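Student: Have a look at the structure that comes next, please.
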Amino acid sequence: IAALLDRGHTLNGIAELADAFDHGRDVGDLLGLGEPTEETPVRLTPEELAARFEGEVTPENLAAAMDLGYLGTDGDELVHISHRLLEVSSALVREGIPLGEVLQAGARVREHADALA
32 IAALLDRGHT
42 LNGIAELADA
52 FDHGRDVGDL
62 LGLGEPTEET
72 PVRLTPEELA
82 ARFEGEVTPE
92 NLAAAMDLGY
102 LGTDGDELVH
112 ISHRLLEVSS
122 ALVREGIPLG
132 EVLQAGARVR
142 EHADALA
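Our numbering applies: residue 32 is where the sequence shown begins, and numbers increase by one.
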């Protein structure tokens, strides 16, 4: 407890952590997060992908998305790993952020996550 107090935790916070531990709860419960959900892959034609990203689908951006594992191929279709990520990425592009910059940000997030793992 002293170590947690030294790191700035309050007694109430420490009590909540201890209670969660005693009852088998995890950090997600403490933070009020819902249950993790499975991502839904999205199957697209190349034309559908191009329409979502308003002229930003270039060979370089396609290669970057594939290198990051966001896109794969299945026959004549493209498969994006995440419906939510696809929606957010296309919304950013509609707001004027170039797809290349969105993909670079995704690469940086992955680098930081890998460093934490």
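Heads up, the beta-carbon is just placed ideally off N, CA and C, and yes, glycines get one too.
Just so you know, these numbers come straight off a predicted model, no measurement behind them.
Suppose you measure from the CA of L17 to the CA of L123; what does that come to, to the nearest Å?
Tutor: No answer is possible for residue 17: it lies beyond the span of the chain, which begins at 32 and ends at 148.
Student: What three-state label does DSSP hand H111 in the structure shown?
Tutor: In this structure, H111 counts as strand in the three-state DSSP scheme.
Student: Could you spell out where the beta strand (DSSP E) holding D57 opens and where it closes?
Tutor: D57 -> no beta strand (DSSP E), and no H or E assigned at all.
Student: Is V133 helix, strand or coil by DSSP?
Tutor: V133: helix per DSSP, three-state reduction.
Student: Got a sec? Which residues, its chain only, sit under 6 Å from L109 by beta carbon, not counting five neighbours each side?
Tutor: The residues are L75, L80, L102.
Student: For L75, which residues does DSSP report across the bridge?
Tutor: L75 is bridged to L109.
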